[in-house]
DNA sequence: CGCAAACTTGATGTTGCTCAAGCTAGGTGG
DNA sequence: CCACCTAGCTTGAGCAACATCAAGTTTGCG
């Protein structure tokens with residue numbers, strides 16, 4: 107099920123400033139913010155697939171997306187989850203190198219490739235800003251390579267929970283986990299069952315508590331931070 | 107052992123064009139090529155470490171570098187190997203997020219951060235070019251995430267050998283493997299022993315042949331390409 | 001309230017890791 | 001020039017972490 111062009115709502119209202127423009131001059135930001143189209147996408151809807159023409163670039167306004175790669179036999183690696191302010195679909199080859207899909211209902215701001223390219227060329231500082239954005243994406247990808255290649259399941263889960271907490275920045279350390287166990291597994295290079303078991307283990311150790319199906323409270327963030335980098339976890 | 111500033115040889119001669127300028131206008135390229143300093147670094151020398159101030163950016167002119175991240179207990183993930191034309195050390199936070207070390211004797215072209223920043227701001231198209239470079243680094247990192255999270259050891263080794271072959275583009279499919287088994291293991295999320303065993307298995311299957319310690323000939327590239335994505339490898 | 005999908009837990013299996021012991025090749029000194 | 005020596009490579013045996021297969025159990029939705 108693909109998102110249809112018919113789901114476009116309206117041109118972006120003047121107020122919300124594209125997050126990708128952070129740090130740019132005010133008059134140049136207005137050049138960017140007029141170009142995008144707001145668009146709603148329901149949960150579990152594909153936005154595009156690996157190999158598709160990269161006709162559009164999207165900024166997430168609300169909700170959560172995932173993007174992933176597949177092997178021929180169906181094994182899947184989720185490269186990341188994206189929320190408000192994140193950019194997706196920006197390709198320089200013209201072909202998407204991964205698939206993207208809505209985790210929750212999502213609102214996007216869509217830019218056509220042509221108009222986006224024009225912005226890169228004509229808006230002063232825009233290319234440089236995108237370079238900073240992309241550099242941060244790369245840094246995150248490299249952190250994830252360390253996780254996938256060298257961390258054990260407890261370390262992976264601890265790292266994942268802390269990442270969610272850091273993004274949401276809730277004072278009570280109650281985090282929302284909108285994605286399913288299977289998505290978490292495919293993000294961390296584990297199976298659904300191992301994710302379950304490892305989360306259960308953290309519960310029984312009193313480090314986290316399940317508030318509801320999609321809400322987890324971090325009871326001992328310091329311990330979680332130790333576990334995330336493999337310190338003092340000999341006993342587990 | 108750190109590389110010393112004393113190893114600087116000379117300003118880059120006029121002839122060699124920085125690879126990072128590929129596709130840029132001729133007159134702007136000359137603005138870049140005058141700024142760098144050539145520098146030799148012997149094998150197994152650290153260039154910088156994670157956490158260091160990112161004072162310099164380097165382009166590899168000759169030889170091979172590796173860059174990696176460590177966990178507190180010493181587990182290591184090599185994020186990549188870099189050869190002629192690759193850029194290393196470009197950070198926007200001012201702090202290196204990984205360590206870098208020479209695999210072979212290496213010649214680098216060094217740019218101070220200050221002068222590099224000036225080029226980004228002043229040379230038309232330079233930020234855009236770096237954006238393309240960084241996008242390709244990101245794409246490679248995402249391929250590697252798929253490998254680390256979801257591929258089996260045979261698929262990892264096959265992918266690795268094909269990557270080396272693609273880079274070197276030798277008509278006889280004889281590839282040079284300058285890095286040690288331990289580096290390969292830390293790049294693929296395996297151990298030295300598993301790398302050895304898996305390479306041995308590919309030899310015994312007649313898919314590759316060892317020419318010398320650091321030279322491997324690909325006897326059946328098609329089979330290797332199947333193995334790399336997990337097709338028809340039920341029997342292994 | 002019932003149903004299906006997702007989650008959880010348990011039993012068993014397999015891949016790749018750990019530990020251990022040769023082996024080989026390149027560099028050094030006699 | 002050759003023997004030695006050491007670091008890295010290779011192979012083997014046993015083991016641990018995680019995957020797979022198989023039941024339950026919970027949850028959210030119609």
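Protein chains in written order, with our numbering: chain A, 107 to 342; chain B, 107 to 342. The beta-carbon is built from N, C-alpha and C at its ideal position, and this holds for glycine as well. This one's a predicted model, so the numbers in the text were calculated from it and none came from an experiment.
Cβ contact annotation for residue 173/A (same chain, cutoff 8 Å, sequence separation greater than five): 184, 185, 186, 188, 194, 204, 205, 206 and 207, in chain order. Excluding residues up to 5 positions away in sequence, 313 lie with their Cβ nearer than 7 Å to the Cβ of residue 329/A in the same chain. A Cβ-Cβ distance of about 6 Å is found for the pair residue 280/A and residue 321/A, placing them in contact under the 8 Å criterion.
Taking a beta-carbon distance threshold of 7 Å, residue 295/A counts as an interface residue toward chain B. DSSP, read as helix, strand or coil, puts residue 337/B in coil. Given a length threshold of 3 residues, each whole run of the beta strand (DSSP E) inside the stretch 258 to 336 of chain A is given here in chain order: 280 to 282, 314 to 318 and 321 to 324. Taking the CA atoms as reference points, residue 252/B sits about 12 Å from residue 180/A. Taking a C-beta distance under 7 Å as the contact criterion, residue 268/B and residue 316/B do not qualify as a contact pair. For the stretch 223 to 247 of chain A, the set of residues with a beta-carbon nearer than 8 Å to any beta-carbon of chain B comprises 226, 227, 233, 234, 236, 237, 238, 240, 241, 242, 243, 244, 245 and 247, in chain order. Excluding residues up to 5 positions away in sequence, 170, 209, 210 and 320 lie with their Cβ nearer than 8 Å to the Cβ of residue 284/B in the same chain. Across the stretch 169 to 184 of chain A, CB contacts with chain B closer than 8 Å involve 175, 177, 178, 179, 181, 182 and 183, in sequence order along the chain. About 27 Å separates the beta carbon of residue 176/A from that of residue 168/A, a gap too long to meet the 8 Å contact definition.
Within the stretch 186 to 203 of chain A, the residues whose Cβ lies closer than 7 Å to any Cβ of chain B are, in chain order, 198 and 203. The C-beta of residue 335/A comes closer than 7 Å to at least one C-beta of chain B. Put simply, the CB of residue 268/B is far from chain A, with every gap to its CB atoms at 7 Å or more. Beta bridge pairing from DSSP links residue 166/B with 214/B. Less than 7 Å separates the beta-carbon of residue 332/B from that of residue 338/B. Secondary structure at residue 229/B: coil, using DSSP grouped into helix, strand and coil. A straight line joining the alpha-carbon of residue 303/A with that of residue 216/B spans about 49 Å. Residue 285/A is outside the set of residues whose beta carbon lies under 7 Å from a beta carbon in chain B. The beta carbon of residue 219/A sits no closer than 7 Å to any beta carbon of chain B. Under a criterion of Cβ atoms nearer than 7 Å, the residues of chain B adjacent to residue 255/A are, in order, 183, 254 and 295. Sequence-distant Cβ neighbours of residue 270/B in its own chain, meaning closer than 7 Å and more than five residues away, are 281 and 283. CA-CA distance, residue 301/A to residue 164/B, rounds to 41 Å. Contact note: residue 251/A reaches chain B through 183, 185, 247, 250, 251 and 254, using a C-beta cutoff of 7 Å and chain order. A check of alpha carbon separations from residue 198/B across 241/A, 288/A and 287/A identifies 241/A as the nearest. Judged by beta-carbon spacing, residue 202/A lies beyond the 7 Å limit of residue 243/A, meaning their Cβ atoms are not closer than that value. Just so you know, the alpha carbons of residue 274/A and residue 142/B end up roughly 42 Å apart.
In summary, residue 323/B is exposed, with fewer than 16 beta-carbon neighbours lying within 10 Å of its beta-carbon over all protein chains present. Under a 10 Å Cβ-count criterion, residue 262/B is classified as buried, with 16 or more other Cβ atoms of the shown protein chains found around its own Cβ. Here residue 200/B is exposed: its Cβ has fewer than 16 other Cβ atoms, across all protein chains shown, within 10 Å. Taking 7 Å as the cut-off, the Cβ atoms of residue 233/B and residue 237/A count as close. For the 7 Å CB-CB criterion, residue 213/A and residue 146/A form a contact.
Straight-line measurement puts the Cα of residue 257/B at about 20 Å from the Cα of residue 260/A. Among the bridge pairs identified by DSSP, residue 186/A is matched with 173/A.
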